[in-house]
Every structure is written in C-alpha cells, then in structure tokens.
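Read through the structure below, which is laid out as structure tokens, and then see the notes.
Numbering (the working numbering), first residue to last: 92 to 422.
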C-alpha cells in the first residue's frame with residue numbers, strides 16, 4: 092500500500108524514524124519519504140546513512156502550524172512520532188512539553204485535514220493510560236485529539252488512529268544504553284529505582300512492523316495496542332550490569348512502579364484480537380458507524396472481561412534475563 096505514495100514522519104530522526112525508513116525502503120517503493128524534525132545536526136548525520144532518491148529532509152517543528160501545512164502538501168500517510176518524552180524533564184518544563192505534545196498534535200491534525208491526507212497514525216505511550224506524570228497527561232490529551240479528529244474531517248477522507256506501546260529496547264534515552272555505559276565506564280554499582288518496578292518491553296522492529304500493519308487494519312478513531320511482554324528492572328540491570336551490584340535510588344518524579352496500557356476503567360471499550368487490543372472511541376462519529384470488532388484485514392476481536400486491565404506487573408508474559416538479551420539482538 093506504500094508503493095508510489097508520499098509518507099511523512101514527524102520526529103523522523105529518532106530511533107523509530109530510522110528503523111521505520113529502513114524497513115519501508117526494504118519492502119516498498121514510495122514516491123517520497125519525508126523526514127521532518129527540528130534538529131539539523133541529526134538530519135545531517137542521518138543523511139550519511141540514509142539518502143535514497145525518494146527521501147526528503149525537512150527542517151521544521153510541530154509547534155509551527157504554517158510549516159506543518161507546507162510539509163504535508165501532497166502527502167498520503169503520516170506517522171506522528173515527534174514528542175518531548177523524558178518524564179523528569181517534562182515535570183520541570185511543563186509548558187514546553189504541552190507546546191510540543193498537545194499544541195503540536197493539534198497542528199498536525201489541522202494540516203492533515205487541510206491537505207486531505209489519507210491516513211494518520213500517532214504514536215502514543217503506556218504512560219498515557221491512567222497518567223500520573225505530565226508527559227503521560229500530554230500524551231493522553233494528544234490521543235484524545237487524534238481520536239476526536241475523525242469527527243472534524245467533514246468532507247475530507249482523512250482517518251486518524253493511535254498506536255500505544257511500551258518501552259522500546261535500546262531507544263535513545265532508554266535504560267539499556269544507560270546501564271551499558273555505566274558498566275563500560277567502570278561504575279561501582281548500577282542504580283535501580285525500585286527492585287519491584289516493571290515495564291512493558293518491545294523491540295524497535297516490532298514497533299515499526301506493528302505501526303506499518305496498522306495502516307492497513309485501521310478504520311479511524313481506535314487506539315491499537317500490541318500484546319507484548321514485561322520486564323523487571325532488576326532483571327534488566329542484571330542482564331547488562333556485568334555482575335555489578337544493584338543500588339536502589341528511589342522512584343523519580345512522575346514515575347510509576349508499573350505501567351498500564353489499558354486501564355480497568357476502559358475495559359468496556361476494549362476488544363481483544365489475536366496479537367493486539369483495540370480501544371474503541373468513547374465518542375460516536377457523525378459521519379461513520381464503524382464495527383471495530385472486525386477490521387479490513389479480516390481479523391475479528393472479542394470484548395474483554397469487565398474490569399480487565401493490561402498491566403505490566405500482572406502481564407502473564409515476562410522475559411527472563413536470557414530472553415532480554417535475545418530481545419536486544421532482534422532489535
């Protein structure tokens with residue numbers, strides 16, 4: 092479905108963007124691949140690795156509505172990956188986080204509608220479910236904006252959906268590169284916030300593949316959540332610590348002990364498919380009446396039990412230390 096099409100990714104110089112571009116070029120022949128980000132150095136560095144004739148590098152910020160309007164001209168598909176993602180940084184710089192994650196989302200939506208883009212997928216996070224930090228709250232707000240955008244389209248063909256998943260193995264700013272760096276530099280111990288803390292875990296390739304497949308299965312208005320395993324932070328530290336002792340440093344501002352991707356309050360909206368969940372929108376769309384239990388790929392979903400919660404601490408699938416290391420190799 093991507094052959095001969097123009098695809099734009101906001102925040103495209105990040106870990107997801109690079110893997111997404113490589114995957115797309117390996118399997119399809121797009122007309123244009125537009126990488127939009129505000130960092131000229133990252134764009135320069137990325138061009139040394141990835142510079143296919145179909146690729147275009149655009150300097151721009153999702154906060155800039157005029158630039159979004161211009162960048163999305165004649166674009167068919169959009170992945171909105173741009174965000175301020177560091178939990179602690181968001182707690183100390185709340186207005187900057189809101190400007191990018193909330194106002195930026197609005198700018199992407201308005202530009203997509205104005206340019207009659209076919210489909211838009213916004214990347215979300217497990218922290219958007221029952222958020223207790225500003226980053227999660229802004230991403231929940233963004234999710235709501237993208238869902239409701241399906242009611243704003245009028246005569247436009249544009250469909251909006253959200254993909255929500257957990258921590259990505261080895262992504263920029265994540266804990267694995269941090270642990271590796273400390274071990275390589277001869278640290279005396281590895282800092283772990285709490286030995287019982289858990290997180291959802293997904294490889295970069297799994298995340299990219301899930302997003303690409305969802306362009307074919309999405310109808311508009313849904314939040315799609317992959318079924319993925321959990322990890323214990325203590326096991327991550329053991330896997331990458333080269334035998335270093337663990338030092339408990341306490342939970343940081345805005346952190347949770349466990350993450351949730353689907354809360355019990357939303358269980359009445361949840362449908363379970365073979366390899367993913369779908370959260371149906373809380374609102375009704377005036378122009379359409381989708382049956383989300385059946386998607387364009389022919390997959391069928393069933394309602395989850397009342398009170399169901401997709402929780403990293405109670406997730407039935409946990410990775411052991413060997414599997415954690417294998418997971419990184421696959422990414």
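For every residue, glycine included, the Cβ atom is placed at its ideal position computed from N, Cα and C.
query: Extent of the continuous alpha helix (DSSP H) run through residue 226; result: 225–239
query: DSSP three-state assignment for residue 178, whether helix, strand or coil; result: helix
query: Option in 269, 393 and 193 with minimal Cα separation from residue 233; result: 193
query: C-alpha gap between residue 315 and residue 405, whole angstroms; result: 20 Å
query: Spatially closest choice to residue 352 from 341, 345, 367 and 279, by CA coordinates; result: 367
query: Backbone CA spacing between residue 269 and residue 346 [nearest angstrom]; result: 17 Å
query: Alpha-carbon spacing of residue 289 relative to residue 355, whole angstroms; result: 18 Å
query: Proximity winner among 110, 149, 133 and 294, relative to residue 99 (alpha-carbon distances); result: 149
query: Bounding residues of the alpha helix (DSSP H) (the contiguous stretch that carries residue 163); result: Taken as a continuous stretch (DSSP letters only), residue 163 belongs to no alpha helix (DSSP H), as it is neither H nor E.
query: Start and end residues, beta strand (DSSP E) containing residue 339; result: 337–339
query: The region 329–346 contacting the region 274–292, beta-carbon criterion three pairs below 8 Å; result: yes
query: Beta-carbon contacts of residue 358 that lie in its chain and below 8 Å, excluding the five residues immediately before and after; result: 395, 396, 397, 398, 399 and 400
query: Counterpart residues of residue 363 in DSSP-defined beta bridges; result: 368 and 393
query: Beta-carbon proximity check, residue 164 vs residue 121, cutoff 8 Å; result: no
query: Residue 127 to residue 229 span [Cα, whole Å]; result: 21 Å
query: Between the CA atoms of residue 236 and residue 372 - distance to the nearest angstrom; result: 11 Å
query: Residue range of the unbroken alpha helix (DSSP H) whose run includes residue 128; result: Here residue 128 belongs to no alpha helix (DSSP H); instead the beta strand (DSSP E) covers 123–128.
query: Top-ranked residue by Cα proximity to residue 305, from 212, 156, 413 and 161; result: 212
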